[in-house]
Amino acid sequence: MSSLIEPKTRRLLVVDDEYFNYEILKAALTAKFDVSYADSGKSCLASAVANPPDIILLDVCMPGLDGYDTCRMLKHTPETKNIPIVMVSGLESELEKKAGFDAGCDAYVVKPFSMSVLLEQINTIV
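Numbering follows the UniProt record's numbering, in which position 6 of the sequence shown is assigned residue number 6; successive positions increment by one, without gaps.
Shown next as structure tokens:
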């Protein structure tokens with residue numbers, strides 16, 4: 001008897017204080033990923049430690065713990081330090097991008113973006 005083994009679905013965590021952004025990303029990415037949501041840097045840290053995703057899409061501008069600080073904390077936490085992070089932001093200056101990479105992100109995508117550009121970045125690092 002032969003059994004088919006389903007390929008593991010990759011888990012993607014979207015971190016954004018705007019739920020609408022999560023809904024758009026989930027609709028576009030759910031065919032390839034098991035997409036979950038955190039609405040703040042603090043909830044991202046808790047979620048990523050409890051159930052580590054394969055990749056994190058992290059908004060930069062959030063109240064409280066912003067994306068840069070969240071990224072630094074993720075990269076300095078043993079359970080999450082190896083999770084790839086794509087920062088997603090409307091901030092497009094070279095200084096902002098540098099701040100993202102200095103914080104530890106693996107890619108920085110500027111909003112608005114095409115889904116193909118985002119998927120290309122994701123596929124490059126996962």
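Here a beta-carbon is modelled for each residue, glycine too, at the ideal position from N, C-alpha and C. Fair warning: this is a prediction, and the values are worked out from it, not measured in the lab.
Minimum Cα-Cα distance from residue 69 among the listed residues 101, 119, 11, 94 corresponds to 101. It is roughly 11 Å from the alpha-carbon of residue 53 to the alpha-carbon of residue 37. Residue 93 is positioned such that its CB atom lies no closer than 8 Å to that of residue 59. In this structure residue 15 touches residue 44 by the C-beta definition: roughly 4 Å separates them, less than 8 Å. Taking 8 Å as the cut-off, the Cβ atoms of residue 80 and residue 48 count as close.
In this model, residue 99 and residue 34 are separated by some 29 Å (Cα to Cα). CA-CA distance, residue 121 to residue 107, rounds to 7 Å.
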